[in-house]
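S.K.:
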Amino acid sequence: MQFEKLATMFDRLESTSSRLEMTDILAEFFKTVEPGELRQIIYLSVGRLHPEFYPQELGMADKLVLRAISSVSGRSQKDVDELWIKLGDPGEVAEQLVVKKKQMTLFSEPLTFKSVVEGLTSIETSVGKDSQDKKMKLLARMMHDAGPVEARYICRIVTGRMRVGAGAMTIMDALAIAFATKEERPDIERAFNITCDMGLVAETVASGGMAAVRKIGVTVGSPVKVMLAERLRSLPDIMDRMEGKCAFEYKYDGMRVQAHIRKGPGGFVKLYSRRLEDLTSNFPDIAEALSRQLKGKEAIIEGECVAFDPATGNLLPFQNVTHRRKKHGMAQAVADVPVKIFMFDLLYHDGVDYTLRPYSMRRAKLEMSFEEHRGLEPDKVGYTTRAIISSEEDAQTFFDQAVAAKCEGIMAKSLEDVSVYRAGSRGFLWIKYKKDYTQALVDTFDLAVVGAFYGMGKRAGMYGALLMAAYDPDTGKFGTACKLGTGFDDAFLAALPGMLDKYKSEKKPSSVEAEMVPDVWFVPGVVLEVTAADISISPIHTIAYGTVKEDSGLGLRFPRFTGRVRDDKTPEQATTAAEVLEFYQLQEERDGESPSEGGSEE
Ligand code: ATP
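Mapping the sequence shown onto the working numbering, position 536 (from 1) lands on 655, and the numbers just tick up by one.
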């Protein structure tokens with residue numbers, strides 16, 4: 120396949136914001152490519168050469184790409200840099216300059232898809248002395264043979280700016296249309312949820328059909344999308360919903376980790392965050408202890424890593440464990456911040472996929488799968504404290520114990536046979552109840568930054584407020600929920616531009632629905648935790664649009680940043696439209712009257 124064919128398809132995707140149209144473009148395209156190529160096409164569509172959980176990234180700096188553009192176009196570095204300042208995207212600079220040169224060149228030949236993948240792989244794997252120069256030359260070589268649109272996408276891929284707007288949901292819809300039926304779409308989604316590898320799923324369905332997709336199983340080394348909990352506003356509501364009996368576990372305030380352990384020759388331990396980042400180097404002590412204490416050869420388990428005070432054994436709040444999320448000085452951080460993992464689930468053990476087994480069976484197997492700790496130092500591996508609860512009194516007592524033990528609250532888990540591990544979904548098989556639910560609004564919101572407003576007065580010259588959005592999985596779009604300007608300290612305000620820079624977008628990203636127009640747009644990437652006084656019907660915000668009132672969305676009133684950047688969550692894992700609506704309805708029930716309209720624009 121010529122690379123031009125793929126670049127043209129990306130261009131078509133980018134020029135529409137309609138999910139249906141994107142699905143059609145993709146489905147039609149998928150049918151025309153070799154199954155072997157499809158895998159890499161899927162990765163490239165998000166600017167990668169591997170699945171999301173694979174740590175390597177192309178990540179070339181803009182300056183280096185601009186040097187390549189200058190060398191291949193024959194234009195001075197000054198000219199190239201000036202155009203870059205005007206356009207903001209090296210891809211567009213390349214599109215304008217490189218092509219003009221190409222039209223005069225006799226020695227260029229059309230770029231094939233294969234040669235682009237090879238070129239990108241060489242860029243990704245160049246390391247050491249002179250590697251920057253090598254990367255620049257490899258890029259220039261590809262651009263020499265590129266047409267206008269191809270040059271734009273090659274530069275976007277290498278600079279991490281590849282955003283054609285088609286999310287995972289759209290790609291799965293398209294795969295179902297191209298190679299299966301609408302009814303089989305859930306099986307495609309399950310395969311993706313248990314492997315986090317859309318390239319693998321696409322290649323499998325294109326080459327082996329749905330029979331092959333159904334054979335895809337949980338594999339050690341391939342992270343599984345995490346199962347999430349719903350929330351209810353009181354313990355009696357939880358007991359009701361669970362029909363009088365369920366398991367309660369402490370809800371620890373730490374960092375969720377999914378551990379993939381393989382012992383013996385060729386073995387490894389990998390710890391993944393729920394955002395699929397590799398956390399193994401942040402918790403080497405936990406990785407070692409899990410591997411040492413695991414009975415059998417292979418397992419996938421989940422747990423919460425929590426910091427504790429070695430003198431008292433008391434658990435410490437979430438902020439402490441974040442000291443482990445460093446790139447450098449890990450040995451010191453390991454010594455300074457002792458951490459323990461409280462395991463709560465088992466997804467796989469020695470050839471058996473436990474994700475489709477009920478919770479009780481998974482928990483029992485989990486408790487059988489680790490050796491007792493031997494040694495003088497504190498045990499780094501343990502299980503979440505748990506009990507079977509069948510009365511409201513016991514529920515309250517267990518909750519009080521959890522809070523006294525410095526936990527956030529409890530997780531109730533269904534004991535029914537249907538209580539399987541539902542990868543990638545939030546449901547009532549798990550219900551959380553936190554101590555801060557007694558405050559005005561139940562729970563905090565995790566919202567994605569989609570825009571920023573320049574500050575005034577004391578905040579002149581920096582971002583003064585942010586436009587925040589929640590995700591709607593049904594439409595694949597982010598709808599705005601508030602303008603956030605409170606709760607920021609000076610250090611955070613100073614760090615904001617650096618944190619947001621790589622998500623900057625020249626225009627409103629196609630995944631964002633907004634009425635409010637900020638000074639700067641961002642592709643959703645950074646997630647912040649926000650509290651609010653309440654939720655009101657809003658004429659200017661777009662989340663849950665039209666669900667409560669025609670032509671209106673919902674907006675958070677008096678939103679405030681809690682100080683917690685949710686870098687463990689992707690924007691799609693942030694609070695959803697359905698949850699904002701649910702909060703609104705809970706609040707209405709609580710107040711017994713409709714809250715006032717408007718006022719959400721602070
Ligand atoms: P929150 O912001 O409340 O942590 P969340 O959206 O991150 O919520 P939820 O599924 O709503 O995730 O809450 C479950 C989270 O609580 C898990 O992701 C995990 O990190 C943590 N947790 C702590 N203890 C437990 C437990 N015993 N069982 C399951 N999850 C637990």
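Even glycine gets a Cβ: it sits at the ideal position worked out from N, Cα and C. Computed from a prediction, not measured in an experiment: that's the story for all the values here.
1. Using only alpha-carbon positions, find the residue among Thr135, Arg352, Arg271, Lys197 that is nearest to Lys553.
2. Looking at the structure shown, is Val199 part of a helix, part of a strand, or coil, going by DSSP?
3. Based on the DSSP output, what are the partners of Glu349 in its beta bridges?
4. How should Glu176 be labelled, buried or exposed, when 16 other C-beta atoms within 10 angstroms of its C-beta is the threshold for buried?
5. In whole angstroms, what is the alpha-carbon distance linking Arg493 and Lys414?
6. Report all residues from its chain with a CB closer than 8 Å to the CB of Lys197; omit the five preceding and five following residues, and keep chain order.
7. Judging by CA-CA distance, which residue of Phe463, Gly340, Leu398, Met487 is the nearest neighbour of Lys382?
8. What residue range is occupied by the uninterrupted beta strand (DSSP E) comprising Asp208?
9. May I ask you to report which of helix, strand or coil DSSP gives Lys124?
10. Looking at Ala348 and ligand 1, is the gap between the Cβ and the nearest heavy atom below 7 Å?
11. Residues bridged to Gly674 by DSSP?
12. Given a cut-off of 8 Å on the beta-carbon distance, is the pair Arg685 and Val646 in contact?
13. Measuring alpha carbon to alpha carbon, tell me which of Val343, Pro497, Gly318, Leu347 ends up nearest Ile405.
14. Apply the 10 Å Cβ neighbour rule to Arg709 and answer buried if 16 or more other Cβ atoms are within range, or exposed otherwise.
15. Going by the DSSP bridge assignment, what does Lys370 pair with across the sheet?
16. Looking at the unbroken beta strand (DSSP E) that takes in Ala521, where does it start and where does it end?
17. Buried or exposed: His743, going by 16 or more other Cβ atoms within 10 Å of its Cβ?
18. If you measure from the CB of Tyr371, is any heavy atom of ligand 1 nearer than 7 Å?
19. Whose C-alpha, out of Ala426, Thr689, Gly583, is nearest the C-alpha of Phe680?
20. Would you say Asp562 and Arg394 are within 8 Å of each other, going by their C-beta atoms?
21. For a quick check, are the C-beta atoms of Met462 and Thr289 less than 8 Å apart?
22. Would you kindly report the start and end of the unbroken beta strand (DSSP E) that includes Ala571?
23. Following the continuous alpha helix (DSSP H) through Met480, name the residue where it begins and the one where it ends.
24. Using only the alpha-carbon positions, how far apart do Glu691 and Arg541 sit?
25. For Tyr391, which beta-bridge partners are listed by DSSP?
26. Starting from the C-beta of Lys525, find all residues in its chain whose C-beta is less than 7 Å away, skip the five residues before and the five after it, and write them out in chain order.
27. With 16 other CB atoms within 10 Å as the buried threshold, where does Pro355 fall?
28. Exposed or buried, what is Tyr173 when buried is set at 16 or more other beta-carbons lying within 10 Å of its beta-carbon?
29. Any heavy atom of ligand 1 closer than 7 Å to the Cβ of Val345?
30. Since Asp469 is in the alpha helix (DSSP H), which residue starts that stretch and which ends it?
31. Verify the contact flag: Arg393, CB atom, against every heavy atom of ligand 1, threshold strictly below 7 Å.
32. Under a Cβ-count criterion, where at least 16 other Cβ atoms within 10 Å of its own Cβ denotes burial, should Gly672 be classed as buried or exposed?
33. What are the boundary residues of the beta strand (DSSP E) that includes Ala584?
34. Only counting the same chain, and skipping five residues up and downstream in sequence, which positions put a Cβ closer than 7 Å to that of Pro154?
35. Is Ser136 closer than 8 Å to Gly328 when the C-beta atoms are compared?
36. Report the option in Ala579, Leu294, Ala697 whose CA atom is closest to the CA atom of Gly332.
M.R.: Taking the definition as stated:
1. Mapped onto the sequence shown, residue 553 falls at position 434. Nearest of Thr135, Arg352, Arg271, Lys197 to Lys553, Cα basis: Arg352.
2. For the purposes of this step, residue 199 is identified with residue 80 of the sequence shown, where counting begins at 1. Three-state DSSP puts Val199 in a helix.
3. Position 230 of the sequence shown, counted from the first residue, corresponds to residue 349. Partner(s): Ile550.
4. By one-based count along the sequence shown, residue 176 stands at place 57. Flag for Glu176 reads exposed.
5. Translated into the one-based positions of the sequence shown, residue 493 becomes position 374. Translated into the one-based positions of the sequence shown, residue 414 becomes position 295. Approximately 14 Å between the Cα atoms of the pair.
6. Your numbering for residue 197 matches position 78 in the sequence shown. Closer than 8 Å at the Cβ level, and outside the excluded window around Lys197, lies no residue.
7. In the sequence shown, the residue the question calls residue 382 occupies position 263. The option with the nearest alpha carbon to Lys382 is Gly340.
8. As a position in the sequence shown, residue 208 is number 89, starting the count at 1. No beta strand (DSSP E) holds Asp208; DSSP gives it neither H nor E.
9. Residue 124 sits at position 5 when you count from the first residue of the sequence shown. Lys124 falls in the helix class under three-state DSSP.
10. Numbered from its first residue, the sequence shown carries residue 348 at position 229. Answer for Ala348: yes, Cβ within range of ligand 1.
11. Counting from 1 along the sequence shown, the entry for residue 674 is found at position 555. Looking at the DSSP assignment, Gly674 forms a beta bridge with Ser655.
12. Residue mapping note: residue 685 aligns to position 566 of the sequence shown, counting from 1. Residue mapping note: residue 646 aligns to position 527 of the sequence shown, counting from 1. Taking 8 Å as the Cβ cut-off, Arg685 and Val646 qualify as a contacting pair.
13. Position 286 of the sequence shown, counting from 1, holds the residue named residue 405. With distances taken between Cα atoms, Ile405 lies closest to Pro497.
14. Walking along the sequence shown from the start, residue 709 turns up at place 590. Arg709 is exposed by the Cβ-count criterion.
15. Taking the first residue of the sequence shown as position 1, residue 370 is located at position 251. Answer by DSSP bridge pairing, in chain order: Gly528.
16. Against the sequence shown, residue 521 aligns to sequence position 402. That residue, Ala521, is in no beta strand (DSSP E); its alpha helix (DSSP H) goes 511-523.
17. Any property of residue 743 remains undetermined from this structure, which presents the chain solely from 120 to 721.
18. Position 252 of the sequence shown, counted from the first residue, corresponds to residue 371. It does: the Cβ of Tyr371 is within 7 Å (strictly closer) of some heavy atom of ligand 1.
19. In the sequence shown, the residue the question calls residue 680 occupies position 561. When each option's Cα is compared against that of Phe680, the closest is Gly583.
20. As a working mapping, residue 562 is identified with position 443 in the sequence shown. As a working mapping, residue 394 is identified with position 275 in the sequence shown. No, the pair does not count as a contact, with Cβ atoms beyond the cut-off.
21. Residue numbering aside, residue 462 sits at position 343 when the sequence shown is read from its first letter. Residue numbering aside, residue 289 sits at position 170 when the sequence shown is read from its first letter. Result no, Cβ atoms of Met462 and Thr289 do not sit closer than 8 Å.
22. In the sequence shown, residue 571 corresponds to position 452, counting from 1. Unbroken beta strand (DSSP E) run through Ala571: 564-573.
23. As a first step, residue 480 must be located in the sequence shown, where it is residue number 361. Where Met480 is concerned, the enclosing alpha helix (DSSP H) stretches over 478-487.
24. Mapped onto the sequence shown, residue 691 falls at position 572. Mapped onto the sequence shown, residue 541 falls at position 422. Taking the straight line from one Cα to the other gives about 17 Å.
25. Here residue 391 refers to the residue found at position 272 of the sequence shown. According to DSSP, which records beta bridges pairwise, Tyr391 is partnered with Gln377, Asp397.
26. Looking up residue 525 in the sequence shown gives position 406. So the list reads Asn433, Leu434, once near-sequence residues are dropped.
27. Position 236 of the sequence shown, counted from the first residue, corresponds to residue 355. Pro355 comes out exposed.
28. By one-based count along the sequence shown, residue 173 stands at place 54. The residue is exposed, with fewer than 16 neighbouring Cβ atoms inside 10 Å.
29. Numbered from its first residue, the sequence shown carries residue 345 at position 226. For ligand 1, at least one heavy atom lies less than 7 Å from the Cβ of Val345.
30. What you label residue 469 is simply residue 350 of the sequence shown in a count that begins at 1. From DSSP, Asp469 is part of no alpha helix (DSSP H); its letter is neither H nor E.
31. Along the sequence shown, one-based indexing puts residue 393 at 274. Checking every heavy atom of ligand 1 against the Cβ of Arg393, one is found closer than 7 Å.
32. The sequence position of residue 672 within the sequence shown is 553, counting from 1. Label assigned to Gly672: buried.
33. Position 465 of the sequence shown, counting from 1, holds the residue named residue 584. Element bounds for Ala584: 582-591.
34. Position 35 of the sequence shown, counting from 1, holds the residue named residue 154. Within the same chain, Pro154 has close Cβ partners Glu322, Ala325, Ser326.
35. Position 209 of the sequence shown, counted from the first residue, corresponds to residue 328. Position 17 of the sequence shown, counted from the first residue, corresponds to residue 136. No, the Cβ-Cβ distance between Gly328 and Ser136 is not below 8 Å.
36. Looking up residue 332 in the sequence shown gives position 213. According to the sequence shown, residue 332 is Val rather than Gly. Ranking the options by Cα distance to Val332, first place goes to Leu294.
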